[in-house]
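A short write-up of the structure that comes next.
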Amino acid sequence: NAGVTQTPKFQVLKTGQSMTLQCAQDMNHEYMSWYRQDPGMGLRLIHYSVGAGITDQGEVPNGYNVSRSTTEDFPLRLLSAAPSQTSVYFCASSYSGRGQETQYFGPGTRLLVL
Amino acid sequence: DAKTTQPNSMESNEEEPVHLPCNHSTISGTDYIHWYRQLPSQGPEYVIHGLTSNVNNRMASLAIAEDRKSSTLILHRATLRDAAVYYCILPNAGNMLTFGGGTRLMVKP
């Protein structure tokens, strides 16, 4: 299993540009989520999905869109990038939403918005 | 949401045991206690979790207080590769994680 994969590893955008961060998992996990991590801080939840076709907002959803058309993929879209969205983005997945489930994290995408 | 409190940083000598404390005084009866760690420039990785009883795995041990208001992650022999930020987390509804500041563990050779 490749686990959770994210592309690209690093991206530079200009203010106002749009882009999609890709996330895929091959563990047949129902739950997937996106977090962002600013320098020196813990991760914050952006959006999450409890299954194909179902998404919900997390703590910091503004400026981001998600959709979940398949179990494997959970892309994160930046509609109009802003410097405040400069961060490291992590995708995670878990088999279910039960409290004893382990979350598996991807390696992250480092985004710089100029 | 239940919250946790951890020291900002701790130091350890290589090959010595490390005890990382966590307070979670508002924990509910059904909250699991999870520990994750984040190595430099990597995503978080799962370490261990428990509910009421102490737990052991190949990475660490988790000691849970009888009243469940605190727990301790135990690394039995710290190595340089264990230098990381360790997060004690009580998952929210849907197993979503709220990360605090964690404890930065520094390991000295």
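Chains A and B supply the protein sequences, listed in that same order. Heads up, the first sequence is in the working numbering, so the first residue is 22 and it goes up one at a time. Heads up, the second sequence is in the working numbering, so the first residue is -5 and it goes up one at a time. Glycine included, each C-beta is placed from N, C-alpha and C at the ideal position. As the structure is a prediction and not an experimental result, all values here were calculated from the model.
Proximity winner among the options, relative to residue i (alpha-carbon distances)
i: Met62(A); options: Arg62(B), Leu45(B), Ser47(B), Asn2(B); result: Asn2(B)
i: Ile68(B); options: Ser22(B), Trp29(B), Thr(-2)(B), Gly96(B); result: Trp29(B)
i: Thr136(A); options: Met53(A), Asp59(A), Asn83(A); result: The requested residue 136(A) is not part of the displayed model; chain A covers only 22 to 135.
i: Tyr56(A); options: His50(A), Leu64(A), Pro29(A); result: Leu64(A)
i: Met90(B); options: Asp77(A), Asn86(A), Val109(A), Val134(A); result: Asp77(A)
i: Gln0(B); options: Arg52(B), Leu14(B), Asn51(B), Gly44(B); result: Leu14(B)
i: Leu99(B); options: Tyr26(B), Gln32(B), Asp61(B); result: Gln32(B)
i: Val81(A); options: Pro96(A), Ser115(A), Arg89(A), Asp59(A); result: Asp59(A)
i: Gln27(A); options: Arg119(A), Ala113(A), Glu122(A), Ile67(A); result: Ala113(A)
i: Tyr116(A); options: Met48(A), Val33(A), Ala23(A); result: Met48(A)
i: Pro96(A); options: Asn22(A), Ala23(A), Pro29(A); result: Pro29(A)
Distance CB(residue i)-CB(residue j) smaller than 9 Å
i: His70(B); j: Ser47(B); result: no
i: Gln46(A); j: Tyr125(A); result: yes
i: Ile83(B); j: Thr92(B); result: yes
i: Gly37(B); j: Gly127(A); result: yes
i: Glu51(A); j: Val71(A); result: yes
i: Leu74(B); j: Pro103(B); result: yes
i: Gly129(A); j: Val109(A); result: yes
i: Val101(B); j: Glu5(B); result: yes
i: Leu133(A); j: Val33(A); result: yes
i: Ala106(B); j: Glu10(B); result: As displayed, chain B neither begins before -5 nor continues past 103, which places residue 106(B) out of reach and without an answer.
i: Ile75(A); j: Arg89(A); result: yes
Same chain only: Cβ atoms within 8 Å of residue i, ignoring 5 sequence neighbours per side
i: Lys63(B); result: Asn17, His18, Ser19, Ile21
Distance cut-off 8 Å: residue i Cβ against heavy atoms of the ligand SAM
i: Leu56(B); result: Among the ligands in the structure shown, none appear at all, so the ligand SAM cannot be discussed.
Cβ neighbours of residue i in the same chain (closer than 7 Å, five flanking residues each side left out)
i: Gly84(A); result: Leu99, Leu100, Ala103, Gln106
i: Thr(-2)(B); result: Cys16, Asn17, His18, Cys82, Ile83, Leu84, Gly94
i: Lys35(A); result: Leu135
i: Ala59(B); result: Ser65
i: Gly37(A); result: Ser101, Ala102
i: Asn7(B); result: Lys102
Residue i at chain A interface by Cβ criterion, 9 Å
i: Leu67(B); result: no
i: Thr(-1)(B); result: no
i: Tyr30(B); result: yes
Any C-beta of chain B under 9 Å from that of residue i
i: Glu93(A); result: no
i: Tyr85(A); result: no
i: Pro29(A); result: no
i: Ala113(A); result: yes
i: Gly74(A); result: no
i: Val71(A); result: yes
i: Leu97(A); result: no
Chain-order list of residues whose beta-carbon lies under 6 Å from that of residue i (same chain, five-residue window excluded)
i: Phe31(A); result: Arg131
i: Met53(B); result: Val41
Proximal residues, the region 82 to 102 of chain B versus chain A, C-beta separation under 7 Å: Pro85, Gly88, Asn89, Met90, Leu91, Phe93, Gly94, Gly95, Gly96
Interface positions of the region 10 to 25 of chain B facing chain A (Cβ-Cβ less than 9 Å), listed along the chain: Thr24, Asp25
Contact list for the region 118 to 131 of chain A against chain B, Cβ threshold 8 Å: Gly118, Arg119, Gly120, Gln121, Glu122, Thr123, Gln124, Tyr125, Phe126, Gly127, Pro128, Gly129
Contact residues within the region 50 to 64 of chain A, judged by C-beta distance below 7 Å to chain B: Within the region 50 to 64 of chain A, the qualifying residues are Tyr52, Ser54, Gly63, Leu64.
Members of the region 38 to 60 of chain B near chain A, C-beta cut-off 8 Å: Pro38, Glu39, Tyr40, His43, Leu45
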